[in-house]
Amino acid sequence: MKISRRAYAEMFGPTVGDRVRLADTGLWIEVEQDRTVYGEEVKFGGGKVIRDGMGQSQRLAAEVADTVITNALILDHWGIIKADIAIKNGRIAAIGKAGNPDIQPGVDIVIGASTEVIAGEGSIITAGGIDTHIHFICPQQIDEALASG
7 MKISRRAYAE MFGPTVGDRV RLADTGLWIE VEQDRTVYGE EVKFGGGKVI RDGMGQSQRL
67 AAEVADTVIT NALILDHWGI IKADIAIKNG RIAAIGKAGN PDIQPGVDIV IGASTEVIAG
127 EGSIITAGGI DTHIHFICPQ QIDEALASG
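So in my numbering, spot 37 of the sequence shown is number 43, and the numbers just go up one at a time.
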């Protein structure tokens, strides 16, 4: 079965060569690398592939990611890629292809019954910081705060 490039991007996110506008700016980024395996993408939801015997393995919790963010667009200093992100013990453990290595090719992030799955489609994941105490009196202060670090 073939789907159009647009339908693919709407379902699984952009792929190599696709351009994405950054919010309401005039800035565009282009996906340089896609670590998914076409036709073997993992997606969570009713009737999707993250279920026992398909995209979810039967491995023990110690052998699988605690959390997986699927089909994320990652923007970092080393490039712009689409991939799945594994989190184990509160830290990023891997960036690659998630799924069930017993039946899917190219899997380097194992999803199990204990894995919490977060849909990353339509999201840009990038490094950031958390300001735990701030008071914005008006929205215009956000521009100044971002510009000053």
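Don't be surprised by glycine CBs; every beta carbon is placed ideally from N, CA and C.
Since the model is a prediction, treat every value here as computed from it, not as a measurement.
By Cβ distance, which residues of its chain are closer than 7 Å to R65, with the 5 residues on each side in sequence left out?
-> Within the same chain, R65 has close Cβ partners V116, G118.
Tell me whether I148 sits in a helix, a strand or coil according to DSSP, three-state version.
-> The answer is helix: DSSP assigns I148 an H, G or I state.
From I148 to V113, what does the alpha carbon distance come to, in whole angstroms?
-> Straight-line spacing of the CA atoms in I148 and V113 works out to 40 Å.
Can you tell me where the alpha helix (DSSP H) with A3 in it begins and where it stops?
-> Residue 3 falls outside the range modelled here, since the chain spans only 7 to 155, and no answer is possible.
Pick helix, strand or coil for E36, following the three-state DSSP scheme.
-> Three-state result, E36: strand.
Starting from the Cα of V74, find the closest Cα among A99, I86, G85 and give me that residue.
-> Ranking the options by Cα distance to V74, first place goes to A99.
Under the three-state DSSP convention, the category A71 falls into | Looking at A71 - three-state DSSP - the assignment turns out to be coil, as it is neither helix nor strand.
Any chance you could list the beta strand (DSSP E) runs of at least 3 consecutive residues sitting entirely within the stretch 75-121, in chain order?
-> Runs of the beta strand (DSSP E) lying entirely within the stretch 75-121 and spanning at least 3 residues, in chain order: 85-94, 97-102.
Drop a sphere of 10 angstroms on the beta-carbon of D90, count the other beta-carbons inside from all chains shown, and report buried for 16 or more, exposed for fewer.
-> Residue burial is scored here from C-beta neighbours: D90 has at least 16 other C-beta atoms within 10 angstroms and is therefore classed as buried.
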